[in-house]
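Report on the following structure.
Numbering (my numbering), first residue to last: 4 to 182.
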């Protein structure tokens, strides 16, 4: 997961390191997470994904073998939700949605890592792709998980999700009528 080229200094990895230190991760976990984060940021912030075009797949594969790997990956992805890089945020939300489909335990790990508030905040983005990725991740987190459903509702997601469904429905209806 090492980058083939150095990241520009403005890229989100230092912000993620600070966020992860605040979350109490040990140095080994932090080092692995930074490598994962740099790969995702490089793949989403460079033209034509020069960094690591397969970073997301690699990241999801890393999470598979055991629970500690999953924890590292989830923490890195949740930290990416809080950086000022729209591409990294969208790819992180997409990756969390994929992970959430795996199991109830994975959905619990994602929610307990603090993913719900930034995902709900992403629903308010003017970027339709960001909204869609956040909605998919929240849908995945809520599947067969009453605690996550309640947490999502408490965080204020119901109104923006309803608005998103309404907007998409109106767009679809307009598209069908214009045919």
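Backbone N, C-alpha and C define an ideal beta-carbon position, used for all residues, glycine too.
The structure displayed is predicted, hence computed values, not measured ones.
- Contact between residue 158 and residue 119 holds, with the beta-carbon distance rounding to 5 Å and staying under 8 Å.
- Distance from the CA of residue 99 to the CA of residue 84, rounded to the nearest whole angstrom, comes to 10 Å.
- Annotated three-state conformation of residue 116 is coil, per DSSP.
- DSSP places residue 163 within a helical segment (H, G or I) once states are collapsed to three.
- Residue environment: residue 161 is assigned as exposed (fewer than 16 neighbouring CB atoms within 10 Å of its CB, all protein chains considered).
- Cα atoms of residue 150 and residue 143: separation of roughly 13 Å, rounded to the nearest angstrom.
- Looking from the CA of residue 102, the closest CA among 139, 173, 154, 172 belongs to 139.
- Closest in alpha carbon position to residue 113, among 97, 88, 171, is 97.
- Classified as buried, residue 92 has 16 or more neighbouring CB atoms from the shown chains inside 10 Å of its CB.
- About 10 Å separates the beta carbon of residue 136 from that of residue 89, a gap too long to meet the 8 Å contact definition.
- Residue 105 carries a coil assignment under DSSP once its states are collapsed to helix, strand and coil.
- Taking the Cα of residue 76 as reference, the smallest distance to any Cα among 95, 87, 86 is reached at 95.
- For residue 116, the CB contacts under 7 Å within the same chain, skipping 5 residues up- and downstream, are 77, 78, 81 in chain order.
- Distance between residue 122 and residue 133, taken at the CA atoms: about 9 Å.
- Within the same chain, and ignoring the five residues on either side of residue 107 in sequence, the residues whose Cβ sits closer than 8 Å to its Cβ are 147, 148.
- Residue 139: member of the alpha helix (DSSP H) spanning 131-145, first to last residue.
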